[in-house]
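Q: Sending over a structure as structure tokens; questions will come in a sec.
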Amino acid sequence: MVDLGFFAMPLHPKERVYQEVMNENREQILLADKLGLTEAWIGEHQTSIAEPITDPFMFMATTIHQTKNIKYGSAVINLSYHHPVKLAMQIAMFDQISGGRTLVGIGPGGLPSDSEIFGVDRERSYDMMIECVNIMEAVWTQDAPIDIKGTFWDAKLTDFVEEGVGVGLLPKPLQKPFPPIAYAMRSPKSGASRIVAERDWIPISGNFVPAGFVASQWTDYCCQREDIGKRPDPENWRAGRSILVAETNEQAEDYVAREEGGFRHYFHYLRTLEAKRSITSSKERETFVTSQVNEALEDQVLAGDADTVLDRLIAFRDEVGPFGTLLMTGHDWDDKALWQGSMRRLAEDVMPRFNQHAKVSDPAY
892 MVDLGFFAMP LHPKERVYQE VMNENREQIL LADKLGLTEA WIGEHQTSIA EPITDPFMFM
952 ATTIHQTKNI KYGSAVINLS YHHPVKLAMQ IAMFDQISGG RTLVGIGPGG LPSDSEIFGV
1012 DRERSYDMMI ECVNIMEAVW TQDAPIDIKG TFWDAKLTDF VEEGVGVGLL PKPLQKPFPP
1072 IAYAMRSPKS GASRIVAERD WIPISGNFVP AGFVASQWTD YCCQREDIGK RPDPENWRAG
1132 RSILVAETNE QAEDYVAREE GGFRHYFHYL RTLEAKRSIT SSKERETFVT SQVNEALEDQ
1192 VLAGDADTVL DRLIAFRDEV GPFGTLLMTG HDWDDKALWQ GSMRRLAEDV MPRFNQHAKV
1252 SDPAY
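Going by my numbering, the first residue of the sequence shown is number 892, and it counts up by one from there.
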């Protein structure tokens, strides 16, 4: 069975009222739980009011007691900006409060302005991520005495320990030995696929990369698993896409074509940041962004009525491989009725038929 999950950076027009944006994103998660989506992944950014969630676990905690089944994932928590002991304790507490519904999506840090404000060398952020997760796993599975000396952080608790009253016994997650860890891959053959395969992390293919890249990511991950004698499990693989299920194809096409619509704003923001990293000429940047946005709207957006979206989802899975969870992207609710209707149609109409197709076509179903 292909599950349906939810992912949001989230991304909104910078002019929107901060508190209203928070409430809207909470409402999206509550609706996702009501519709039976299995998981919700929320991103972390510090220096962009357009991506305004600075602490995904704090944000998600505000919805825990209003949901029943949905699991909560960070997508991603940027480990190079956090002390591993503090973050490990925070996640352990969240896992206890949520009743073991935590998924830990990790990354090195993607937004250059975040790296700049924290003084993190982006050339070392991947190494920092690996060291951070290693220390977190140690903290989740050990008690004092702990004495870890790393390149970027130390974790030492050897002197002031009194186990009789609980001092030195560190809070642990409810899930044992710790919550599942996930990593979002972006490049067509991500070098990170090796460590994802080796450490049994959940592979995630992002919603904002071409379908050809997604297919390459899965192929490369499978090769890495087989190379170390482990079977790749498609059920663990998450693949994201921007999806709009409208009442008619015409309604969907009109929305996608809007100059100020949510899809165009979403990809314009992403491609503008991409261009700023690598293109110095403002004219060349503008040309690049326009071209890339149009390509994304063609390749990375699945929009139409229920039948059209079903056909495009089937074609997408046939092209990229047998992902076990489809992550629909949470976009700005610039047309609330349209987006709420889309979520309902996707969950209640498209996905049951999509799974019928998967059952027939997928030998591993």
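Even for Gly, the Cβ is constructed at its ideal location relative to N, Cα and C.
Beta-carbon within less than 6 Å of Arg1005's beta-carbon, same chain only, minus the 5 sequence neighbours each way: which residues are those?
A: The question names Arg, but residue 1005 is Asp in the sequence shown. Only Gln937 and Thr938 meet the Cβ criterion.
Q: Starting from the Cα of Met1219, find the closest Cα among Ser1233, Asp1225 and Leu1229 and give me that residue.
A: Of the listed residues, the one whose Cα sits closest to Met1219 is Ser1233.
Q: With a threshold of 7 Å on Cβ separation, who are the neighbours of Glu1210 within its own chain once the five nearest residues in sequence on each side are excluded?
A: Contacts found: Ala1102 and Ala1106.
Q: Mind pulling the beta strand (DSSP E) runs of 3 or more residues that sit fully within the stretch 1097 to 1150?
A: Fully enclosed beta strand (DSSP E) runs of 3 or longer: 1129 to 1136.
Q: Mind pulling the beta strand (DSSP E) runs of 3 or more residues that sit fully within the stretch 968 to 1028?
A: Correct list: 993 to 998.
Q: Quick check on the burial criterion: 16 or more other C-beta atoms within 10 angstroms. Buried or exposed for Ile1080?
A: Note on identity: in this sequence residue 1080 is Lys, with Ile being the wrong assignment. Exposed is the call here.
Q: Bridge partners for Ser1252 per DSSP, in chain order?
A: According to DSSP, which records beta bridges pairwise, Ser1252 is partnered with nothing at all.
Q: Could you tell me the boundaries of the alpha helix (DSSP H) in which Lys1047 lies?
A: Taken as a continuous stretch (DSSP letters only), Lys1047 belongs to no alpha helix (DSSP H), being part of the beta strand (DSSP E) at Asp1045 to Leu1048.
Q: Can you give me the C-alpha to C-alpha distance between Trp1044 and Met1019, rounded to a whole angstrom?
A: Cα to Cα, the separation comes out at about 9 Å.
Q: So what's Val912 in DSSP terms, helix, strand or just coil?
A: Three-state result, Val912: helix.
Q: Mind checking which residues open and close the beta strand (DSSP E) that includes Glu930?
A: From DSSP, the beta strand (DSSP E) with Glu930 extends over Glu930 to Ile933.
Q: In the DSSP output, which residue or residues are listed as bridge partners for Ser965?
A: Answer is Ile933 and Val995, bridged to Ser965.
Q: What does the alpha-carbon distance come out to for the pair Ser1252 and Gly1131?
A: If you take the alpha carbons of Ser1252 and Gly1131, they lie about 21 Å apart.
Q: What does DSSP give as the partner residue(s) for Gly1057 in the beta ladder?
A: Gly1057 is not bridged to any residue.
Q: Given this structure, state the Cα-to-Cα distance separating Arg1077 from Leu1060, to the nearest angstrom.
A: If I take the Cα positions, the gap works out to 38 Å.
Q: Which of helix, strand or coil does DSSP assign to Thr1220?
A: Thr1220 falls in the strand class under three-state DSSP.
Q: Run through DSSP, which three-state label would Met833 get?
A: A question about residue 833 goes unanswered here, because the residues of the chain that appear run from 892 up to 1256.
Q: For the candidate residues Ala1197, Asp1225, Pro1213 and Asp1223, whose alpha-carbon lies nearest to that of Ala1238?
A: It is Ala1197 whose Cα lies nearest to the Cα of Ala1238.
Q: Per DSSP, what kind of secondary structure is Gly896 in: helix, strand or coil?
A: In this structure, Gly896 counts as strand in the three-state DSSP scheme.
Q: Please list the terminal residues of the continuous alpha helix (DSSP H) segment that includes Ala1088.
A: Counting along the chain, the alpha helix (DSSP H) containing Ala1088 begins and ends at Ser1084 to Glu1089.
Q: So, helix, strand or coil for Leu926, using DSSP?
A: If DSSP states are grouped into helix, strand and coil, Leu926 belongs with coil.
Q: In angstroms with no decimal places, state the Cα-to-Cα distance between Gly1057 and Asp1034.
A: Answer to the nearest angstrom: the Cα atoms are 10 Å apart.
Q: Could you check what DSSP says for Asp1038 in three-state terms: helix, strand or coil?
A: Asp1038: strand per DSSP, three-state reduction.
Q: To the nearest angstrom, report how far apart Pro975 and Glu1141 are at their CA atoms.
A: The alpha-carbon atoms of Pro975 and Glu1141 are separated by roughly 50 Å.
Q: Would you check if the distance between the CB atom of Leu921 and the CB atom of Lys962 is smaller than 9 Å?
A: Not closer than 9 Å, so no.
Q: Identify the residues that DSSP records as bridge partners of Tyr1074: which are they?
A: Answer by DSSP bridge pairing, in chain order: Ile997 and Pro1094.
Q: Using the Cα positions of Glu1053 and Thr953, report the straight-line distance between them to the nearest angstrom.
A: The straight-line gap from Cα to Cα measures roughly 34 Å.
Q: Grab me the residues of Val967's own chain with a C-beta within less than 6 Å of its C-beta, minus the 5 sequence neighbours each way, in chain order.
A: So the qualifying residues of the chain are Gly996, Ile997, Gly998 and Ala1075.
Q: Taking only three categories from DSSP, how would you classify Ala1194?
A: Three-state result, Ala1194: strand.
Q: Express the C-alpha separation of Ile1086 and Ile1170 in angstroms, rounding to a whole number.
A: Distance between the alpha carbons of Ile1170 and Ile1086 is about 31 Å.
Q: Using the beta-carbon count (16 or more within 10 Å), is Ser1173 buried or exposed?
A: Ser1173 comes out exposed.
Q: For Arg907, report the span of its alpha helix (DSSP H) as first-last.
A: No alpha helix (DSSP H) contains Arg907, which DSSP labels as neither H nor E.
Q: Checking 9 Å against the spacing of the C-beta atoms, do Ser1133 and Leu1193 come in under that value?
A: Yes, the pair counts as a contact, with Cβ atoms nearer than the cut-off.
Q: Measure the Cβ-Cβ separation of Met900 and Glu930 and say whether it is below 9 Å.
A: No, they are not a contact pair.
Q: Look up Leu1065 in the DSSP assignment and say whether it is helix, strand or coil.
A: Coil at Leu1065, not helix or strand.
Q: Would you call the CB atoms of Lys1121 and Asp1091 closer than 9 Å?
A: Contact flag set, yes.
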